[in-house]
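Asks:
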Amino acid sequence: MRSISTRRRARLLRHSALAATMLILPVTAHAQTDPGEDQPESTEIEAPAAGSEDVIVVTGTSIRGVPPTGSDLITVTREDVKQIGAASTPELLATVPQLNSFNTAPRVSNGGVGSFAPGLRGLPTAATLPLMNGHRLISGSVQQTNPDYPLIPELAVERVEIVADGASAIYGSEAVAGVINFITRKRVSGLETNFRYGFADDYDALNAGAIFGQDWGTGSVVLAYQYQQNSNITGADRDYRSLDFRSEGGIDTRSAVCPDANVNLFAGTIYAAPSLEPGVNTCDARGPVDLLPESRAHSGLISVRQDLSDRITVWGDVLYSDRKDTVQAALPGQTFVLITAANPYFRAPPGTGSVFGYFDFRPDRLVGDDHFDQTYRVRTGNATAGIDIDLPGDFQASVYGSYNWSRNDTLQPGIDTTALTTAAAGTTPSTALDPFGYETDPAVVAAILDNPTTFTNRQRTRIGAVKVDGPLAQLPGGDLKIAVGAEYRRETYMQRGQSGGVGFPEDLARNVQSVYGELFIPIIGYGNAGAFGQSLTLSLSGRYDHYSDFGSTTNPKIGLTWEPLDGVAFRGSYGHSFRAPGLRDLGSTVGSYYSAAALVDAFGARDPARGAAQVNTILLYGGNADLEPETARTWSAGVDLRPLFAPGLTASVTYYDIKYDDVIGAPSGLGSLLFSDPTFATRVIRDPGAAQVSDAITNTVPFYFTFDAVPQIGNILDLRQGNFGVRKTSGIDFDLRYRREVGFGTLFGGVAGNYILDYSNRLSPTSPESNSLEAGIPRATLRTTLGITAGPVTFVNFVNHRSGVTASYATPTGSALYEAKGYTTVDLRLSLTLPQESCLEGTELGLQINDLFDVTPPYFPGTDGIGGAYNPIGRYAAVSLRTAF
Numbered sequence: 038m039r040s041i042s043t044r045r046r047a048r049l050l051r052h053s054a055l056a057a058t059m060l061i062l063p064v065t066a067h068a069q070t071d072p073g074e075d076q077p078e079s080t081e082i083e084a085p086a087a088g089s090e091d092v093i094v095v096t097g098t099s100i101r102g103v104p105p106t107g108s109d110l111i112t113v114t115r116e117d118v119k120q121i122g123a124a125s126t127p128e129l130l131a132t133v134p135q136l137n138s139f140n141t142a143p144r145v146s147n148g149g150v151g152s153f154a155p156g157l158r159g160l161p162t163a164a165t166l167p168l169m170n171g172h173r174l175i176s177g178s179v180q181q182t183n184p185d186y187p188l189i190p191e192l193a194v195e196r197v198e199i200v201a202d203g204a205s206a207i208y209g210s211e212a213v214a215g216v217i218n219f220i221t222r223k224r225v226s227g228l229e230t231n232f233r234y235g236f237a238d239d240y241d242a243l244n245a246g247a248i249f250g251q252d253w254g255t256g257s258v259v260l261a262y263q264y265q266q267n268s269n270i271t272g273a274d275r276d277y278r279s280l281d282f283r284s285e286g287g288i289d290t291r292s293a294v295c296p297d298a299n300v301n302l303f304a305g306t307i308y309a310a311p312s313l314e315p316g317v318n319t320c321d322a323r324g325p326v327d328l329l330p331e332s333r334a335h336s337g338l339i340s341v342r343q344d345l346s347d348r349i350t351v352w353g354d355v356l357y358s359d360r361k362d363t364v365q366a367a368l369p370g371q372t373f374v375l376i377t378a379a380n381p382y383f384r385a386p387p388g389t390g391s392v393f394g395y396f397d398f399r400p401d402r403l404v405g406d407d408h409f410d411q412t413y414r415v416r417t418g419n420a421t422a423g424i425d426i427d428l429p430g431d432f433q434a435s436v437y438g439s440y441n442w443s444r445n446d447t448l449q450p451g452i453d454t455t456a457l458t459t460a461a462a463g464t465t466p467s468t469a470l471d472p473f474g475y476e477t478d479p480a481v482v483a484a485i486l487d488n489p490t491t492f493t494n495r496q497r498t499r500i501g502a503v504k505v506d507g508p509l510a511q512l513p514g515g516d517l518k519i520a521v522g523a524e525y526r527r528e529t530y531m532q533r534g535q536s537g538g539v540g541f542p543e544d545l546a547r548n549v550q551s552v553y554g555e556l557f558i559p560i561i562g563y564g565n566a567g568a569f570g571q572s573l574t575l576s577l578s579g580r581y582d583h584y585s586d587f588g589s590t591t592n593p594k595i596g597l598t599w600e601p602l603d604g605v606a607f608r609g610s611y612g613h614s615f616r617a618p619g620l621r622d623l624g625s626t627v628g629s630y631y632s633a634a635a636l637v638d639a640f641g642a643r644d645p646a647r648g649a650a651q652v653n654t655i656l657l658y659g660g661n662a663d664l665e666p667e668t669a670r671t672w673s674a675g676v677d678l679r680p681l682f683a684p685g686l687t688a689s690v691t692y693y694d695i696k697y698d699d700v701i702g703a704p705s706g707l708g709s710l711l712f713s714d715p716t717f718a719t720r721v722i723r724d725p726g727a728a729q730v731s732d733a734i735t736n737t738v739p740f741y742f743t744f745d746a747v748p749q750i751g752n753i754l755d756l757r758q759g760n761f762g763v764r765k766t767s768g769i770d771f772d773l774r775y776r777r778e779v780g781f782g783t784l785f786g787g788v789a790g791n792y793i794l795d796y797s798n799r800l801s802p803t804s805p806e807s808n809s810l811e812a813g814i815p816r817a818t819l820r821t822t823l824g825i826t827a828g829p830v831t832f833v834n835f836v837n838h839r840s841g842v843t844a845s846y847a848t849p850t851g852s853a854l855y856e857a858k859g860y861t862t863v864d865l866r867l868s869l870t871l872p873q874e875s876c877l878e879g880t881e882l883g884l885q886i887n888d889l890f891d892v893t894p895p896y897f898p899g900t901d902g903i904g905g906a907y908n909p910i911g912r913y914a915a916v917s918l919r920t921a922f
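Counting the sequence shown from 1 gives a position; our numbering is that position plus 37.
#1: When the distance is taken between beta carbons, is T363 closer than 8 Å to E314?
#2: Within the same chain, show all residues whose beta-carbon is closer than 6 Å to that of A420, passing over the 5 residues directly before and after it, in chain order.
#3: According to DSSP, what are the bridge partners of P725?
#4: So, V29 versus Y208, is the Cβ gap smaller than 8 Å?
#5: Checking the sheet assignment: what are the DSSP bridge partners for G702?
#6: Identify, in the order they occur along the chain, each residue of the same chain with its Cβ nearer than 6 Å to the Cβ of N481, setting aside the five sequence neighbours on each side.
#7: State buried or exposed for G567, treating a residue as buried only when at least 16 other CB atoms are found within 10 Å of its CB.
#8: Candidates S536, A204 and F383: which alpha carbon is nearest G168's?
#9: At the level of alpha carbons, what is the spacing between S79 and R101?
#10: CA-CA distance, L457 and Y530?
#11: In the structure shown, what three-state DSSP assignment does L457 receive?
#12: My output table needs one value for D109: the three-state DSSP class, helix, strand or coil.
#13: Whole angstroms are fine: how far does the CA of H838 sit from the CA of Y775?
#14: Pick helix, strand or coil for R720, following the three-state DSSP scheme.
#15: Taking C-alpha atoms, which residue in S809, E528 and R360 lies nearest to G501?
#16: Tell me the DSSP secondary structure of G209 in three-state form.
#17: Measure the C-alpha to C-alpha separation of S178 and R497 and round it to an integer number of angstroms.
#18: For V842, collect the residues of the same chain with a Cβ closer than 6 Å to its Cβ; drop the 5 residues on either side in sequence, then sort them by chain order.
#19: So which of A484, N147 and G641 has the shortest CA-CA distance to S705?
#20: Alpha carbon to alpha carbon, how far is L602 from A68? Give it in angstroms, no decimals.
#21: Helix, strand or coil: how does DSSP classify Q651 here?
#22: Can you tell me which of the three DSSP states F785 falls into?
#23: Return yes when the Cβ of G562 is within less than 8 Å of the Cβ of S572, no when it is not.
#24: State the start and end residues of the unbroken beta strand (DSSP E) segment that holds A518.
#25: As a quick exercise: from T126, S210 and G768, pick the residue whose alpha carbon is nearest that of F615.
#26: Would you mind sorting D71 into buried or exposed? The rule is 16 or more other CB atoms within 10 Å of its CB.
#27: Quick check on this structure: which residue in I121, G256 and G156 has the alpha carbon closest to the alpha carbon of L192?
#28: Can you have a look at G405 and say buried or exposed, based on whether 16 or more other CB atoms are within 10 angstroms of its CB?
#29: Rounded to whole angstroms, how far is the Cβ of T737 from the Cβ of P666, which I believe are closer than 8 Å?
#30: List the residues that DSSP assigns as beta-bridge partners of T167.
#31: Say whether the region 222 to 231 touches the region 296 to 304, bearing in mind that this needs 3 or more beta-carbon pairs closer than 8 Å, one atom from each stretch.
#32: Taking 7 Å as the limit between beta carbons, can you name the residues of its chain near S268, skipping five residues before and five after?
#33: Below 8 Å, how does it come out for the region 749 to 760 and the region 640 to 654: are there three or more Cβ pairs, yes or no?
#34: Which of the three DSSP states, helix, strand or coil, is assigned to E600?
#35: So L926 packs on A733, CB below 8 Å; how close in whole Å?
#36: Looking at S625 and D588, is the spacing between their C-beta atoms short of 8 Å?
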């Protein structure tokens, strides 16, 4: 177990003398219990407090004044946000057990070029739709165009609502597994500030922010800002990592491409530098690589509302963020570099008399470090403005427009392998590569390192929309309500830059036209409650979307909630959802790669039908204009309990079942399945004709190859994106909470989580079905809460648990399954609200400790020796100060 250094422990003790507690509520709560702020752009339940015009805003429906019928709603409240002490919205949602990022330190996916947004219940990221105040967001990713999490200042978050159910009938694309709606504060009076500093082994983080607001009755303005930064954590910073798994029946995965070269004379013996005696140098290739990158972010929010009359309100929100990530990435290993005795730095292994050698080495001595610093600067803006007009008969019309934009500037240093090969063949000290030391001429080093990948990506989304909703008729059970709306959206993606000296600009665009409707039918209600129950409501919704690049899709949904008696409600829903292929799925540059027959194994392109007589192969990667949308069928059933005999006790259980078809993916890395599965038959072109070979070269961007004369091509493998995958999953979400007032204060506790019953995956409709629960997805996740409030002091304990994962690992003879242990961490919160009569009135002091026992992640004989997702930060302590004026 790691320990906090003496200096840092002392610093923690000094700060903790100031620490105190904040008021805590259970981390997950149903939205129906939480009073909110005025949110005219979203759906509302009219349940104001006495003398207040505030309303409750609920995600999952287009109709004001009703909850999302048939679906469960998970809420992270503003008090939860304060208590959790997260520096960003991704960190905040890492406390929700249903999300894939649960109990991790979230970072941008795919080494920095992806997005923050995690999936729900083990499903892909792109199957969950993030929103802000009910509106779509922009992506800042290099690779993806699906909406990403907004970086909202912590003080500006009112709450987060999660509908863990298919919702394309309301929101359109991406709402397959569910919707995550970030709702911001609209009414603030005065100034609030916060400051937090925390640290762990080899890590520290700081965030500070402020929010200012004015409310003049007929209108309001809110201004918020936050600064956040954190240092990085590398693989070498965590000593529980391992790479040699032979003791568990696995293999040694340490790299043989190291700063000290290995030399192969192809005579059966490897020689290890610097001595060049027989042997192999090995090293930890991922030690210098970031587990969590260094990051800096600014974010700001402006929200304005104004009543123009008793019936007309105008409003607008603008969120802007500027994030820079510096990612320590692995240096590219150089293999089979031929160096002969003509090179002045060549040394033959003792006793061999060799005049040549093939060198494998990592270019630390050329770079001057053991890693490359890749930088990603992402600037995003989401702006929405609209007007709400009250119409006769309690109808309301909302007209709004959004303009969202992003820019991502990417820099990835690289090695110019052509310049390196030229230097390896150099014959003078001023032109030759030194594979053993630091003697390579600076000009030669500069040429070898002059091969950066640079990209600038810009995305734009423009939206115009109108919605009308209100009561259509009076029924015995209440008001029959309707909502209808239409939306126009234009999405664009622009890329400029180059990789490996090859430029491939992309200019992609499409238009989306949508119409939708929803009907809320109160079959039983206050006017006819009786033997059949206190309430029975039915919701019917549907949405039609037409995309200019692939066509149309229609998605319906039905929801039903029945309350047979007070405190007991049964609910269920059934619907269809979809995810439109992203702009880059459809139109990203198609690149071609050439594999000589002798190298097909390195490219994963071995053709089993050809046996030992493998052939020259061209491989195609990139977008595919023929893609169709991913589709899903979802249904759920659940029960909510608020027993009258136990005030303060609430419970909910939800069963869900999802079938996700036509999942987009590339058929690469499939091995022999690519050649045997009928689904991929059209993707393997054996013995292509001259025209097919010409198309594969001239209609694509060739990477790392040129032909003076095109060799004989035996196979063309089309590995572009396709609608191949099929996923099916079912499981249970649960939430139990209890709160009770006692003589000295308040006791509260709860447990919330997810349990996956089944999760199967097919790489194609005709491939064998595999069990994703044996591929690294945990079966169960849960978070418990136990706390006490006594006057100004609150103490809370959280326990986060993820069940052990089962996955395959490599063995000397193939592979085997390994069951890792579970991962459980404990978090503490202590807070104090200073007396109102003191000079520090309105001040709250806090102490938080995450992973109190500094738990070592569970062992697994593969990757970094860790079984499943985890938080590399370890024990983390932070002190905070929050003030209001």
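Glycine is no exception: its CB is placed at the ideal position from the N, C-alpha and C atoms.
Replies: Concretely, from the data shown:
#1: Cβ atoms of E314 and T363: not closer than 8 Å.
#2: Scanning its chain for C-beta atoms nearer than 6 Å, with the 5 sequence neighbours on each side dropped, one finds around A420 the residues V355 and Y440, in chain order.
#3: The partner list for P725 (beta bridge, DSSP) is empty, contrary to what the question assumes.
#4: Not covered by the structure: residue 29. The range shown for the chain is 38 to 922.
#5: G759, per the DSSP bridge assignment.
#6: Just to set this straight, residue 481 is Val in the shown sequence, not Asn. Hits under 6 Å: A460.
#7: With fewer than 16 Cβ atoms within 10 Å of its Cβ, G567 is classed as exposed.
#8: Reading off the sequence shown, one finds Leu at residue 168, where the question assumed Gly. Among S536, A204 and F383, the Cα nearest to that of L168 belongs to A204.
#9: With a pLDDT of only 35 at S79, under 50, the local geometry of the prediction cannot be trusted, and the value read off the model is given with reservation. When rounded, the distance between both Cα atoms is 8 Å.
#10: Cα to Cα, the separation comes out at about 35 Å.
#11: Helix at L457.
#12: DSSP, read as helix, strand or coil, puts D109 in coil.
#13: Going from the Cα of Y775 to the Cα of H838 covers about 20 Å.
#14: Looking at R720 - three-state DSSP - the assignment turns out to be helix.
#15: The closest CA to that of G501, considering only S809, E528 and R360, is found on E528.
#16: G209 falls in the coil class under three-state DSSP.
#17: Answer to the nearest angstrom: the Cα atoms are 12 Å apart.
#18: The answer, listed in chain order, is G813, P815, A857, G904 and G905.
#19: It is G641.
#20: Because A68 carries a pLDDT of 35, less than 50, the predicted location of this residue cannot be relied on, and the following value inherits that uncertainty. Within the model, the alpha-carbon separation for A68 versus L602 is close to 21 Å.
#21: The answer is coil: DSSP assigns Q651 none of H, G, I, E or B.
#22: In the three-state reduction of the DSSP assignment, F785 falls in the strand class, which pools E and B.
#23: In contact: S572 and G562 (Cβ atoms closer than 8 Å).
#24: Checking the displayed sequence, the identity of residue 518 turns out to be Lys instead of Ala. It spans G515 to S536 - the beta strand (DSSP E) in which K518 sits, taken as one unbroken run.
#25: The residue with the shortest Cα to Cα distance from F615 is S210.
#26: Bear in mind that the predicted position of D71 carries a pLDDT of just 37, short of 50, making it unreliable; the figure below should be weighed with that in mind. Counting Cβ neighbours within 10 Å, D71 comes out buried, since at least 16 surround it.
#27: When I121, G256 and G156 are compared, the shortest CA-CA separation from L192 is found for I121.
#28: By the C-beta density criterion, G405 is exposed, having fewer than 16 other C-beta atoms within 10 angstroms.
#29: Their Cβ separation, rounded to whole angstroms, is 25 Å, which puts T737 and P666 out of contact at 8 Å.
#30: The sequence given here places Pro at residue 167; Thr does not occur at that position. Note: P167 sits in a beta bridge opposite I217.
#31: These segments do not touch.
#32: If we look at S268 and ignore the five residues flanking it on each side, its Cβ neighbours are Y240, D241 and E331.
#33: Under the Cβ criterion (8 Å, minimum of three pairs), the region 749 to 760 counts as touching the region 640 to 654.
#34: Of the three classes helix, strand and coil, the one that applies to E600 here is strand, per DSSP.
#35: Here the chain comprises residues numbered 38 to 922, so residue 926 is not present and cannot be evaluated.
#36: Just to set this straight, residue 588 is Gly in the shown sequence, not Asp. Not closer than 8 Å, so no.
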